[in-house]
Amino acid sequence: MHTPSNDPVAEARAARQRYRAGEVRTTSGVAPGVTQANLVVLPADWAFDMLLLAHRNPAPMPLLDVTDPGDPTTSWAEGADLRTDLPAYRIWRDGRVVEEVPDAADHWTDDAVAFLFGCSFGFEAALQGAGVPVRNIEQGRNVAMYRTHRPLVPAGRLHGELVVSMRPMPVGLVPLASTTSAAVPLAHGSPVHAGDPAGLGIGDLGRPDFGEATELEPGDVPVFWACGVTPQVVLEASRPPWAITHAPGHMFVTDVLDGRR
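Per UniProt numbering, residue 1 is the first one in the sequence shown, and the count goes up by one each step.
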């Protein structure tokens, strides 16, 4: 267990040390105000396709950093190691998850190129500060994430459909949530949809494809943001020979305060 710190960067560094030591837990609510990132690692010969896909689809894939082949470090967190400092990783082979592990060091290769994409956890503190409840944090749960029927703009060998995260809130707070999250574009920006989930092709909010179901309170409406799990659906559809990603909801916690880059 941990308690929030008045110094979010110090809390972020402490969290990474816990994850390196083997703690597995969702990073929702960890180090409020610090940017969190989705991780995708691919062979170098697939890296340009991923870079182009991110350029063409910035809402679900706001690009923070790309590493050199084989390099597990990033300027977004001094001293961090992308192979060990996330709480949980997925290992992929030919578009399928074959293993979920707390440490990816044994799967890292000399031609591994890592991409960091912004995460909606990065605006949760801003929503709370504006007076918008974040139900998944209140309920102690991972955020709910859903596949949609909205296609991405493809790039080279990479293609797939949008994934969204959902946060319910009182209907009167939706405009405030939209303007608040729009001010954090590297955390997916403003929502892509609010209201009836059928508009995104989602059949049952109680059965998310990733994460945990979030209970709606009386007067709540579901609000959906583009989600950084989208590249994992791309991996399923496009089937690169191997990949490493974060496990949904188990992000890379950086040292950078939201909106400071």
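Glycine included, C-beta positions come from ideal geometry on N, C-alpha and C. Quick caveat, the model's predicted, so the values are computed rather than measured.
- The three-state reading of DSSP puts residue 215 in coil, since its state is none of H, G, I, E or B.
- Apart from sequence neighbours up to five positions away, the residues of its chain that approach residue 53 with a beta-carbon distance below 6 angstroms are 155 and 158, ordered along the chain.
- In this structure, the CA atom of residue 110 is about 27 angstroms from the CA atom of residue 35.
- CA-to-CA, the gap between residue 138 and residue 45 works out to about 43 angstroms.
- In this structure, the straight-line span from the alpha carbon of residue 147 to that of residue 161 is close to 7 angstroms.
- Put simply, of 61, 200 and 209 the residue whose alpha carbon is nearest the alpha carbon of residue 118 is 61.
- Contact check for residue 122 against residue 7 fails: the beta carbons are separated by 7 angstroms or more.
- For residue 195, same chain residues with a beta-carbon under 8 angstroms away, outside a window of 5 residues either side, are 221 and 222 in chain order.
- Residue range 47-56 is occupied by the alpha helix (DSSP H) that includes residue 51, with no beta strand (DSSP E) assigned at that position.
- Cβ contact annotation for residue 101 (same chain, cutoff 7 angstroms, sequence separation greater than five): 89 and 91, in chain order.
- Taking a contact as a CB-CB distance under 8 angstroms, the pair residue 255 and residue 13 counts as one, their CB atoms being some 7 angstroms apart.
- Closest in alpha carbon position to residue 68, among 251, 211, 108 and 20, is 108.
- For residue 41, same chain residues with a beta-carbon under 8 angstroms away, outside a window of 5 residues either side, are 82, 104, 108, 112, 113, 114, 115, 243, 244 and 245 in chain order.
- Contact between residue 248 and residue 224 fails: their C-beta atoms lie close to 15 angstroms from each other, not under 8 angstroms.
- Residue 30 counts as buried, since no fewer than 16 other beta carbons sit within 10 angstroms of its beta carbon.
- Residue 134 holds the alpha-carbon nearest to the alpha-carbon of residue 165 among 134, 173 and 98.
- Residue 64 and residue 129 have their alpha carbons spaced roughly 24 angstroms apart.
- The continuous stretches of beta strand (DSSP E) do not include residue 86, and DSSP gives it neither H nor E.
- Each of 198, 234 and 185 was checked against the Cα of residue 37, and the nearest Cα belongs to 185.
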